[in-house]
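4 protein chains.
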Amino acid sequence: MTNEDTLIIGGKKLKNRLFLGTGKYGDHRVMEEAIKHAATQVVTVAMRRVDFENEEEDIVRLIPDNIILMPNTSGARTAEEAIRIARLARASGLGNWVKIEVISDQKYLLPDNQETLKATDTLVKEGFVVLPYMSPDLMAGKRMIEAGAEVVMPLGSPIGSNRGIRMKEMIQMMIDELSVPIIVDAGIGKPSEAAEAMEMGADAVLVNTAIATAGDPVQMARAFDLAVKAGRISYLSGFGSTSLKAQASSPLTGFLD
Amino acid sequence: MTNEDTLIIGGKKLKNRLFLGTGKYGDHRVMEEAIKHAATQVVTVAMRRVDFENEEEDIVRLIPDNIILMPNTSGARTAEEAIRIARLARASGLGNWVKIEVISDQKYLLPDNQETLKATDTLVKEGFVVLPYMSPDLMAGKRMIEAGAEVVMPLGSPIGSNRGIRMKEMIQMMIDELSVPIIVDAGIGKPSEAAEAMEMGADAVLVNTAIATAGDPVQMARAFDLAVKAGRISYLSGFGSTSLKAQASSPLTGFLD
Amino acid sequence: MTNEDTLIIGGKKLKNRLFLGTGKYGDHRVMEEAIKHAATQVVTVAMRRVDFENEEEDIVRLIPDNIILMPNTSGARTAEEAIRIARLARASGLGNWVKIEVISDQKYLLPDNQETLKATDTLVKEGFVVLPYMSPDLMAGKRMIEAGAEVVMPLGSPIGSNRGIRMKEMIQMMIDELSVPIIVDAGIGKPSEAAEAMEMGADAVLVNTAIATAGDPVQMARAFDLAVKAGRISYLSGFGSTSLKAQASSPLTGFLD
Amino acid sequence: MTNEDTLIIGGKKLKNRLFLGTGKYGDHRVMEEAIKHAATQVVTVAMRRVDFENEEEDIVRLIPDNIILMPNTSGARTAEEAIRIARLARASGLGNWVKIEVISDQKYLLPDNQETLKATDTLVKEGFVVLPYMSPDLMAGKRMIEAGAEVVMPLGSPIGSNRGIRMKEMIQMMIDELSVPIIVDAGIGKPSEAAEAMEMGADAVLVNTAIATAGDPVQMARAFDLAVKAGRISYLSGFGSTSLKAQASSPLTGFLD
Numbered sequence: 001m002t003n004e005d006t007l008i009i010g011g012k013k014l015k016n017r018l019f020l021g022t023g024k025y026g027d028h029r030v031m032e033e034a035i036k037h038a039a040t041q042v043v044t045v046a047m048r049r050v051d052f053e054n055e056e057e058d059i060v061r062l063i064p065d066n067i068i069l070m071p072n073t074s075g076a077r078t079a080e081e082a083i084r085i086a087r088l089a090r091a092s093g094l095g096n097w098v099k100i101e102v103i104s105d106q107k108y109l110l111p112d113n114q115e116t117l118k119a120t121d122t123l124v125k126e127g128f129v130v131l132p133y134m135s136p137d138l139m140a141g142k143r144m145i146e147a148g149a150e151v152v153m154p155l156g157s158p159i160g161s162n163r164g165i166r167m168k169e170m171i172q173m174m175i176d177e178l179s180v181p182i183i184v185d186a187g188i189g190k191p192s193e194a195a196e197a198m199e200m201g202a203d204a205v206l207v208n209t210a211i212a213t214a215g216d217p218v219q220m221a222r223a224f225d226l227a228v229k230a231g232r233i234s235y236l237s238g239f240g241s242t243s244l245k246a247q248a249s250s251p252l253t254g255f256l257d
Numbered sequence: 001m002t003n004e005d006t007l008i009i010g011g012k013k014l015k016n017r018l019f020l021g022t023g024k025y026g027d028h029r030v031m032e033e034a035i036k037h038a039a040t041q042v043v044t045v046a047m048r049r050v051d052f053e054n055e056e057e058d059i060v061r062l063i064p065d066n067i068i069l070m071p072n073t074s075g076a077r078t079a080e081e082a083i084r085i086a087r088l089a090r091a092s093g094l095g096n097w098v099k100i101e102v103i104s105d106q107k108y109l110l111p112d113n114q115e116t117l118k119a120t121d122t123l124v125k126e127g128f129v130v131l132p133y134m135s136p137d138l139m140a141g142k143r144m145i146e147a148g149a150e151v152v153m154p155l156g157s158p159i160g161s162n163r164g165i166r167m168k169e170m171i172q173m174m175i176d177e178l179s180v181p182i183i184v185d186a187g188i189g190k191p192s193e194a195a196e197a198m199e200m201g202a203d204a205v206l207v208n209t210a211i212a213t214a215g216d217p218v219q220m221a222r223a224f225d226l227a228v229k230a231g232r233i234s235y236l237s238g239f240g241s242t243s244l245k246a247q248a249s250s251p252l253t254g255f256l257d
Numbered sequence: 001m002t003n004e005d006t007l008i009i010g011g012k013k014l015k016n017r018l019f020l021g022t023g024k025y026g027d028h029r030v031m032e033e034a035i036k037h038a039a040t041q042v043v044t045v046a047m048r049r050v051d052f053e054n055e056e057e058d059i060v061r062l063i064p065d066n067i068i069l070m071p072n073t074s075g076a077r078t079a080e081e082a083i084r085i086a087r088l089a090r091a092s093g094l095g096n097w098v099k100i101e102v103i104s105d106q107k108y109l110l111p112d113n114q115e116t117l118k119a120t121d122t123l124v125k126e127g128f129v130v131l132p133y134m135s136p137d138l139m140a141g142k143r144m145i146e147a148g149a150e151v152v153m154p155l156g157s158p159i160g161s162n163r164g165i166r167m168k169e170m171i172q173m174m175i176d177e178l179s180v181p182i183i184v185d186a187g188i189g190k191p192s193e194a195a196e197a198m199e200m201g202a203d204a205v206l207v208n209t210a211i212a213t214a215g216d217p218v219q220m221a222r223a224f225d226l227a228v229k230a231g232r233i234s235y236l237s238g239f240g241s242t243s244l245k246a247q248a249s250s251p252l253t254g255f256l257d
Numbered sequence: 001m002t003n004e005d006t007l008i009i010g011g012k013k014l015k016n017r018l019f020l021g022t023g024k025y026g027d028h029r030v031m032e033e034a035i036k037h038a039a040t041q042v043v044t045v046a047m048r049r050v051d052f053e054n055e056e057e058d059i060v061r062l063i064p065d066n067i068i069l070m071p072n073t074s075g076a077r078t079a080e081e082a083i084r085i086a087r088l089a090r091a092s093g094l095g096n097w098v099k100i101e102v103i104s105d106q107k108y109l110l111p112d113n114q115e116t117l118k119a120t121d122t123l124v125k126e127g128f129v130v131l132p133y134m135s136p137d138l139m140a141g142k143r144m145i146e147a148g149a150e151v152v153m154p155l156g157s158p159i160g161s162n163r164g165i166r167m168k169e170m171i172q173m174m175i176d177e178l179s180v181p182i183i184v185d186a187g188i189g190k191p192s193e194a195a196e197a198m199e200m201g202a203d204a205v206l207v208n209t210a211i212a213t214a215g216d217p218v219q220m221a222r223a224f225d226l227a228v229k230a231g232r233i234s235y236l237s238g239f240g241s242t243s244l245k246a247q248a249s250s251p252l253t254g255f256l257d
């Protein structure tokens, strides 16, 4: 069954549904190992962290060739800024995928859906594969899709908070109603939460802080890989029903009667 | 790291922390496959379901030899009944492990901690490796240990309800305070919930209904195996801290300034 | 203390923080009694339910004179439709308050923040006191305020679902960050949930289904009145701290030592 | 309706369902005011805090005559100690009600159900009205009742933690299945949580830390009084049903069609 379970984004067939962020790693070698142990196929990098002049320090050169690089527009506060960053990324040879982040709130770092929609609209027309990071909102998700978004990426809870899927109610409605893949991005702090997102029917999750700030990031990456697979396989397998009362495993006649 | 991560119960070294129940399977072949895909090393069987006269139908003969059989006293309503069932199991050649279940409540099938403690006390003295199934209660857990229980098995929610770890608060206190392995038994309905139990620090989980009543029990068994491993590995790796506010992945100076 | 605790909206001083909806009542007399027992000062009525030709059946005539009538644009699927309904309401002598509802999703009845913002912008310029009903989203809330919204009304969970405050995370951020009153509207199913919204710091709640479909709507209205007051008073009183461990009420030296 | 809604314990008819503890108050006058504003009819006092030799400081003399005094055995680590404290209380003229607390765990202060049961059994035979404080456990509750407990008092979460009703699952089962009044005691930190306990069907709640450590304990006492009444009235009124989808307040045909 799972051999054929692929996720298609921007024409690429993906088998692994755990995407990784690259911020907050104390050490580049650890990040490389974490990427490997997560068995990830898509990695996001903030354009502002790309150091084109210093090859030694360039984070992009650390990403293996077989992994899709998804530059993000972190640092953009308006649609216009996000658009400029996206163009710069493509011009720099980083491909045509872009994760749009437009954030002007400095406390919770919540995305601005309206500006994100504007940037999505423009960049889709310019031929980008656009993956908008957004506050969970069903109607805003519909508009992202109308504008040509390849997927939608609702946040589980504020970036880096490790608080899990606090916006479950709205994310479930998005999963149930929207026609593109849903990638839960931000807030996932533990493998169980990644598994839960997949059990809800999400198509993928993006994890950064939970792995980068773990005691052992490499083992944590491996744990997330297993959890995402567990969640996906179980979702496809079909859950038994839940009940308020107990359901005996076998007839309740006394054994010794 | 995980090569050495073993759980020792009754002198046996276990590498796999997912225990399985054997009730509710529609078909014996499916159960055999599920056991295999769960990579389980311990399986529990209700003594009342053992059919000594009909070898063809005997559930015990379906369990591979390398798997530890843990007969349970399901159907017992008193300590005395549980003790008799345990003795019968050992006399039948099923080994000296016994999971004690004493249940007189017919609606929620909640275990009776007081009678369970009595049975534990007696059976430990008779040389059994006793694993009591119990309502989560820190003080009752302490007494089970004083009586010689090898582990304690608090329920997450009522048997067969698939409602998850509803007794989290008390189970966490048991994990933090008790000196024997904690196995969360009953109520776990999804792989994410099994992972969560392991992330809380549980030593193992026992799953039955969630797998046996899944659309595809064999794939669901595999998903639970992955989830338990994910939870365990992440627990050992050390979680990053959670925060109410967002934590940026990189400095928040505007990229284009 | 609470004598002076007033909420000011559109220049009106309100002492009571429970707003009521008028849908789903089986009987007009019950609705009148519920309004009275809720001690409410603001009531919302769907313009489409106003029957200008049949005085006998006109819901508006049932609302006591001392209560502020807030017509809503229920049934509008676009900003334009909401604007037309609002103008019609004012022209009909229903005052200049308007609760904007723009809903095109027929399953979850989720508001469309983008169209709602457009309608808010236009109607504020036309002199209305605008109270937009919206999906919880901090940045969208900021824009509503920039457009001149008098308050923002995020939903707790889908209209009529009685599921409580499922969007707690985002609503708390809106309460903490936004400069206008926050009224939690939709989804509140029990008095405890209304109290919780007030404890979180919401300025008011709007309740309809939970009262209208209760076994005894009049008593339920009274219960909600008490709960909203309880939540508000406790919020103003200042909560003690929470802790993971127990905190003894008195020194733990043994009494009998 | 509510005029006749009384709770009978030990032959006393109670109209108010909020019981108070007397620990942790910074000032005796504040405690007196809080008791008054909570409209409470039952107050518990730790026997070890009763100062028989110093009338000026004696907490018991501060409790108004029309309030039932319920001495508690706080400080007892065994059944025997609890029994001695109870006898001492009665011999001192504090009446024949006793709340049994037997706690040997010093971190979470969790009650010891087994010792509590022993003390209950003995004290009931000696004519006390016994109200056992216990860890939530349906079967242990049944035994308390068999031993003659007048009510059972399961904890919501550890004493003084202000964490709310974390043991909801088990408390709901106790409410549904047990034949005596259920009083949720310990852990309730906010009025909404008290309301929730009453909505679940609890017969009363006991609150101490949340009021005593509030910024304004007197107003907080008033808030709890309102919340308990709100929860009780709503429970008696009958809740409308909840649903996963939205339920429109009126027909969803467009208004302007």
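Chains as they are written, first to last, in full-length UniProt numbering: chain V, 1 to 257; chain C, 1 to 257; chain F, 1 to 257; chain R, 1 to 257. Think of the CB as a built atom: it goes at the ideal place given N, C-alpha and C, for glycine as much as any other residue.
Query, Result
"Which runs of the alpha helix (DSSP H), 4 residues or longer, sit entirely within the region 110 to 155 of chain R?", "113 to 125, 138 to 146"
"Check whether the Cβ of residue 137/F lies closer than 7 Å to any Cβ atom in chain V.", "yes"
"What first and last residue would you give for the beta strand (DSSP E) that runs through residue 19/R?", "18 to 21"
"What does residue 90/V reach in chain F if we use C-beta pairs closer than 8 Å?", "Within 8 Å Cβ-Cβ: nothing; residue 90/V doesn't reach chain F, min ~27 Å."
"Can you give me, in chain order, the residues of the region 163 to 186 of chain R that have a beta carbon less than 9 Å from any beta carbon in chain C?", "163, 166, 167, 168, 169, 170, 173, 176, 177"
"May I ask you to list, following chain order, the residues of the region 230 to 242 of chain C that have a beta carbon less than 7 Å from some beta carbon of chain R?", "none"
"Please give me, in chain order, every unbroken run of the beta strand (DSSP E) with length at least 3 that falls completely inside the region 171 to 256 of chain V.", "183 to 185, 204 to 207"
"Beta carbon of residue 205/C, beta carbon of residue 184/C: below 7 Å?", "yes"
"Return the first residue and the last residue of the beta strand (DSSP E) that residue 59/C is part of.", "Here residue 59/C belongs to no beta strand (DSSP E), and DSSP marks it neither H nor E."
"Run through DSSP, which three-state label would residue 165/C get?", "coil"
"When you compare only the Cα positions, how much space is there between residue 8/R and residue 141/C?", "34 Å"
"Is there at least one Cβ from chain A nearer than 7 Å to residue 246/F's Cβ?", "Given the protein chain composition of this structure (V, C, F and R), no chain A is represented."
"Bridge partners of residue 103/C, per DSSP?", "111/C"
"Out of 99/C, 138/C, 152/C, point me to the one whose CA is closest to residue 128/C's CA.", "99/C"
"Between the beta-carbon of residue 86/V and the beta-carbon of residue 123/V, is there less than 7 Å?", "yes"
"Can you find a C-beta in chain R that's less than 7 Å from the C-beta of residue 101/F?", "no"
"Can you name, in chain order, every residue of its own chain whose Cβ lies under 8 Å from the Cβ of residue 211/C, other than the five neighbours on each side?", "20, 34, 38, 217, 220, 221, 224"
"Taking beta-carbon pairs under 7 Å, can you tell me which members of the region 204 to 223 of chain R lie near chain F?", "208, 209, 210, 213, 214, 215, 216, 219, 220, 222, 223"
"Can you find a C-beta in chain F that's less than 7 Å from the C-beta of residue 64/R?", "no"
"Verify the CB distance criterion: does residue 111/C have a CB-CB separation below 7 Å to chain V?", "no"
"Can you tell me whether residue 125/C is buried or exposed, with buried defined as 16 or more other CB within 10 angstroms of its CB?", "exposed"
"Less than 7 Å separating the beta-carbons of residue 228/F and residue 182/F?", "no"
"Can you list the residues of chain F that residue 118/R reaches, using a CB-CB cut of under 9 Å?", "The premise fails here: residue 118/R is roughly 16 Å from chain F at the closest Cβ pair, so nothing lies under 9 Å."
"For residue 259/R, go through chain C and note every residue whose CB falls closer than 8 Å to its CB, in chain order.", "Past the boundaries of the shown model lies residue 259/R; chain R is included only from 1 to 257, so the question cannot be answered."
"Is it right to say residue 118/V is buried, meaning 16 or more other beta carbons lie within 10 angstroms of its own, or is it exposed?", "buried"
"Looking only at its own chain, which residues have a Cβ that is under 7 Å from the Cβ of residue 6/C, when we skip the five neighbours before and after it?", "13, 14, 15"
"Would you identify the three-state DSSP class for residue 86/V, choosing helix, strand or coil?", "helix"
"Hey, would you say residue 72/V sits closer than 7 Å to residue 91/V, going by beta carbons?", "no"
"I need the straight-line Cα distance from residue 106/F to residue 172/V, nearest angstrom please.", "16 Å"
"Counting only the same chain and skipping the five closest in sequence on each side, list residues whose C-beta sits under 6 Å from that of residue 44/F.", "21, 70, 72, 99"
"Could you tell me which residues DSSP pairs with residue 8/R in its beta bridges?", "13/R"
"Where do the N-terminal and C-terminal ends of the alpha helix (DSSP H) with residue 31/C fall, by residue?", "28 to 37"
"Going by alpha carbons, who is nearest to residue 174/F out of 236/F, 187/F, 238/F, 154/F?", "154/F"
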